[in-house]
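**Q**
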Amino acid sequence: MKEVLISGKASFKIEVPYKLYETGEKGKKPLIVYLHGFNQNIDRFEKIVNPLTELRAYHLFIQAPYPIYDETRTKKVEDWGRSWYLYDGEQQQFVRSMELSSEFIQEIIDGLLPNIEVNRICLFGYSMGGYLAGYFMLSRWKHVNEAIIIGARIKTEVFTDRLQEAKHINVLALHGSGDKSVFPEPQQKEIEKLKNEGFNAQFKSIEAQHKLSQQFIAESEFWLKENGY
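Per the numbering used here, the very first residue in the sequence shown carries number 32; after that it's consecutive.
1) State the Cα-Cα distance for the pair lysine 235 and valine 47, rounded to the nearest angstrom.
2) Taking a contact to mean a Cβ-Cβ separation below 7 Å, would you say isoleucine 237 touches leucine 203 in this structure?
3) Hey, would you say isoleucine 180 sits closer than 7 Å to glycine 207, going by beta carbons?
4) Spell out whether any CB of chain B is found under 7 Å from the CB atom of isoleucine 45.
5) Would you mind giving the Cβ-Cβ distance between tryptophan 115 and glycine 160, rounded to the nearest angstrom? I have them listed as a contact below 8 Å.
6) I'd like to know if the segment 108-125 and the segment 88-96 are in contact, where contact means that at least 3 CB-CB pairs between them fall below 8 Å.
7) Could you say which of Glu228, Lys211, Lys57 lies nearest to isoleucine 196 if we only look at CA atoms?
8) Under a Cβ-count criterion, where at least 16 other Cβ atoms within 10 Å of its own Cβ denotes burial, should glutamine 124 be classed as buried or exposed?
9) Quick one: complete beta strand (DSSP E) runs, 3+ long, within the segment 38-98?
10) Rounded to a whole number of angstroms, what is the C-alpha to C-alpha distance between aspartate 191 and glutamate 250?
11) Considering only C-alpha positions, which residue in the set Cys153, Leu225, His241 is nearest to tryptophan 254?
12) Given a threshold of 16 other Cβ atoms within 10 Å of its Cβ, counted over all protein chains shown, does leucine 66 qualify as buried or as exposed?
13) How should alanine 41 be labelled, buried or exposed, when 16 other C-beta atoms within 10 angstroms of its C-beta is the threshold for buried?
14) Keeping to the same chain, check which residues put their C-beta closer than 6 Å to that of glutamine 233; ignore five residues upstream and five downstream.
15) Suppose you measure from the CA of glutamine 137 to the CA of serine 38; what does that come to, to the nearest Å?
16) What residue range is occupied by the uninterrupted beta strand (DSSP E) comprising lysine 235?
17) As an exercise, report each continuous alpha helix (DSSP H) stretch of at least 4 residues that is fully enclosed by the segment 107-177, in chain order.
18) Run through DSSP, which three-state label would isoleucine 200 get?
19) Under three-state DSSP, which class holds isoleucine 222?
20) In whole angstroms, what is the alpha-carbon distance linking phenylalanine 214 and methionine 32?
21) For histidine 199, is the classification buried or exposed, using 16 other Cβ atoms within 10 angstroms of its Cβ as the cut-off for buried?
22) Based on the DSSP secondary-structure assignment, which residues constitute the bridge partners of histidine 206?
23) By alpha-carbon positions, which one of Arg184, Ala239, Asn231 ends up nearest to glutamine 270?
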């Protein structure tokens with residue numbers, strides 16, 4: 032007969048890379064935080080959004096913490112795709128996982144801020160990174176000024192009683208009209224909800240699918256420049 036004496040959980044650390052770039056003249060400037068999509072990594076994502084790095088700003092690329100095993104066994108571990116959170120369809124697990132990743136991102140930002148001159152912070156999140164950007168901006172509203180969310184949905188239902196606290200955040204939601212991975216209509220409803228709460232929020236449909244094409248990058252750059260970047 033066996034008896035369980037102790038049952039518990041222990042944390043396990045892995046190293047997660049990030050990169051901070053500075054472009055333009057020295058002095059106070061925005062910090063743009065880039066959150067990639069599912070099964071991507073910072074190297075791939077950086078190449079896709081490269082035009083945005085020409086803006087005068089600090090550009091912070093953070094890699095998601097959860098590695099996705101390469102079943103082809105052709106890639107080195109550092110080249111594997113990554114995931115921002117664990118999701119099995121259960122809402123409580125989903126929110127808890129996003130909170131852990133948000134704590135991780137906040138820790139990196141807090142460690143950098145004493146060494147750089149930042150006057151505002153913008154989140155740029157695509158797909159899975161867009162879901163996380165929406166969670167981060169509403170849970171850490173004191174730190175965020177702008178958010179660009181592409182091919183995702185802002186989970187406002189998690190923050191029903193706290194939306195008013197975040198209404199200073201300018202939000203741009205971009206979505207492919209032909210997106211079959213994340214349908215555009217739910218995100219459009221979320222943006223209308225934010226607007227009703229007093230947010231400066233905009234939903235824009237792009238003639239595209241779910242893939243992060245240069246149309247999304249161009250729209251993002253135009254919007255950032257309109258907002259003083």
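Don't be surprised by glycine CBs; every beta carbon is placed ideally from N, CA and C.
**A** In short:
1) The residue given as residue 235 occupies position 204 in the sequence shown. The residue given as residue 47 occupies position 16 in the sequence shown. Spanning the two alpha carbons is a distance of roughly 33 Å.
2) Here the question's residue 237 lines up with position 206 in the sequence shown. Here the question's residue 203 lines up with position 172 in the sequence shown. Taking 7 Å as the Cβ cut-off, isoleucine 237 and leucine 203 do not qualify as a contacting pair.
3) On the sequence shown, residue 180 is found 149 positions in, with the first residue counted as 1. On the sequence shown, residue 207 is found 176 positions in, with the first residue counted as 1. It is not a contact, given that the beta carbons lie outside the stated cut-off.
4) In the displayed structure, chain B is absent; only one protein chain is listed.
5) Numbered from 1 along the sequence shown, position 84 holds the residue referred to as residue 115. Numbered from 1 along the sequence shown, position 129 holds the residue referred to as residue 160. The pair is a contact, with the Cβ atoms about 6 Å apart (cut-off 8 Å).
6) yes
7) For the purposes of this step, residue 196 is taken as the residue at position 165 of the sequence shown. First, the amino acid is wrong: residue 196 is glutamate here, not isoleucine. Here the closest residue by C-alpha is Glu228.
8) In the sequence shown, residue 124 corresponds to position 93, counting from 1. Its Cβ having fewer than 16 others within 10 Å, glutamine 124 is exposed.
9) 49-54, 60-66, 88-93
10) Within the sequence shown, the letter at position 160 stands for residue 191. Within the sequence shown, the letter at position 219 stands for residue 250. According to the sequence provided, residue 191 is threonine. The question's aspartate does not apply to it. For threonine 191 and glutamate 250, the distance between alpha carbons rounds to 29 Å.
11) Numbered from its first residue, the sequence shown carries residue 254 at position 223. Checking every option, the nearest Cα to that of tryptophan 254 belongs to Cys153.
12) The residue labelled residue 66 in the question sits at position 35 within the sequence shown. Classification for leucine 66: buried.
13) In the sequence shown, the residue the question calls residue 41 occupies position 10. When all chains shown are included, alanine 41 counts as exposed.
14) The residue given as residue 233 occupies position 202 in the sequence shown. Closer than 6 Å at Cβ, skipping near neighbours: Leu203.
15) Position 106 of the sequence shown, counted from the first residue, corresponds to residue 137. Position 7 of the sequence shown, counted from the first residue, corresponds to residue 38. For glutamine 137 and serine 38, the distance between alpha carbons rounds to 31 Å.
16) Residue mapping note: residue 235 aligns to position 204 of the sequence shown, counting from 1. Start and end: 231-237.
17) 122-143, 159-170
18) Here residue 200 is taken as the residue at index 169 of the sequence shown, counted from 1. Isoleucine 200 falls in the coil class under three-state DSSP.
19) Your numbering for residue 222 matches position 191 in the sequence shown. Helix at isoleucine 222.
20) Translated into positions along the sequence shown, residue 214 becomes position 183. Translated into positions along the sequence shown, residue 32 becomes position 1. Taking the straight line from one Cα to the other gives about 53 Å.
21) For the purposes of this step, residue 199 is taken as the residue at position 168 of the sequence shown. By the neighbour-count rule (16 or more Cβ atoms within 10 Å), histidine 199 is not buried but exposed.
22) Taking the first residue of the sequence shown as 1, we reach residue 206 at position 175. The partner list for histidine 206 (beta bridge, DSSP) reads Ser236.
23) Since the first and last residues shown for the chain are 32 and 260, residue 270 lies out of range.
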